[in-house]
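Report on one structure; see the data block that follows.
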Amino acid sequence: MVAAAGKLSVVVVMVLVIIATISNSVSADPDMLQDVCVADLNNAVKMNGFACKASFSASDFFFAGLAMPKPTNNMLGSTVTPANVMQIPGLNTLGVSMARVDFGPGGLNPPHTHPRGTEILFVLYGELDVGFITTANVLVSMTIKQGDIFTFPKGLVHFQINNGKGPAAAIAAFNSQNPGVQAIAATLFAAMPPVSNSVLSKAFQISNQEEDSVHEYSSDDISDQDHNREGEEDNFEDTIAAGEILGIDFKESDVRSMKKMFEAEGKETKALNNNSAVVEDIFLAIVTVSAMGVAAKSLQCCFGRHSFGYILSLSLEVLAGDGLLML
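Read in order, the letters of the sequence shown are residues -28 to -1, 1 to 299 in mature numbering (1 follows the signal peptide of the UniProt record, and there is no 0).
As structure tokens, this is what we get:
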């Protein structure tokens, strides 16, 4: 009898441990300790999450940004609209968030990860090829259409691409108030300070000559990047956005200086002579996006069209073209 009671006690303890483990794994974020804790996004205190506002209203729990499709006329052909704690302060400590992804025909949401949350995707309309890659380098992919749902495990590299002839859209939900996003191509080739050439050349099996050719750019070559794109230098917002992607803090005055240089077609760069830091930033940006293009072409030679490697190379090439277009 005593032995049976002892075994029963062990079983009860094991069950309690399992229940506790499951309950703690429902959300990727810590459990809340009050009814609501609306994020004070302006509070300078750094913590795991955000400090609570002293007062709040219904607007702190509302967001209308996912109601309508967003333009997809960019180099990737897709636009992601987040609805996390940064847009909805009331999500703080609640462990949930959403996003809308709009795709044009051929649009790609390039390979990326969400380091702090699992994603579940619901297709509003259209048809998408989706997939994720396990830590054993196994590609798990399929085609999903309107009304279908697909799940991307926390932290794993995944992607979506619209191979249909019409637009597509999907709603993503996460078990985190801020799941984070880390795009693979931008992480590797647009990091600041940049990842060393030796690391990238060995990782992607790019020859040293190819890496060296990227760094043979001189300041005289900068103006040649925009010759066949009339009017693009007038779009200050695009250039500033490119700077944000590449980690460069462009100001409108810097962009106006670049515009003067472009108009001179590389023959008169006196407008920037007094601002060498801007020249250095532009050069670094061009070298970075050029490296993406070199890596993309090298990857495409090594992988089949239906492999993840080819999809990664496509996203690198698109990101490189997007960067040069905006510069």
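We put the beta carbon where it would ideally sit given N, CA and C, even for glycine.
When the Cα atoms are used, residue 48 and residue 35 turn out to be separated by approximately 26 Å. Judged by DSSP secondary structure, residue 85 falls within the beta strand (DSSP E) whose first and last residues are 80 to 85. Here DSSP, grouped into helix, strand and coil, assigns residue 159 to helix.
Between residue 100 and residue 143, the beta carbon gap of about 12 Å keeps them out of contact (Cβ cut-off 8 Å).
Nearest Cα to residue 69 within the set 60, 133, 75 and 77: 60. Counting along the chain, residue 173 sits inside the alpha helix (DSSP H) bounded by residues 169 to 175.
By the criterion of a C-beta distance shorter than 7 Å, residue 136 is surrounded in its chain by 77, 98 and 99, once the five residues flanking it on both sides are discounted.
Nearest Cα to residue 85 within the set 103, 134, 40 and 126: 126. With contact defined as three or more Cβ pairs closer than 8 Å, the region 100 to 118 and the region 21 to 39 are not in contact. The alpha-carbon of residue 177 is positioned some 31 Å away from that of residue 51. With a beta-carbon spacing of about 12 Å, residue 21 and residue 56 fall beyond the 8 Å limit used to define contacts.
Shown here, residue 139 sits in coil according to DSSP, grouped into three states, outside any helix or strand. In the structure shown, residue 61 falls within a helical segment according to DSSP collapsed to helix, strand and coil. The criterion of a C-beta distance shorter than 8 Å is satisfied by residue 82 and residue 155.
The beta carbon of residue 10 sits closer than 7 Å to those of 24, 25, 28, 32, 61, 62 and 64, all from its chain and outside the five residues before and after it, given in chain order. Spatial neighbours of residue 146 in its own chain (CB-CB distance under 6 Å, excluding positions within 5 residues in sequence) are listed in chain order as 69, 89 and 91. Residue 152 and residue 179 have their C-alpha atoms some 33 Å from each other. The residue among 163, 79 and 123 with its C-alpha nearest the C-alpha of residue 106 is 123.
In its chain, beyond the 5 residues on either side, 92, 93 and 94 have a beta carbon closer than 7 Å to the beta carbon of residue 121. Residue range 121 to 124 is occupied by the beta strand (DSSP E) that includes residue 124. For residue 55, the enclosing beta strand (DSSP E) stretches over residues 50 to 55.
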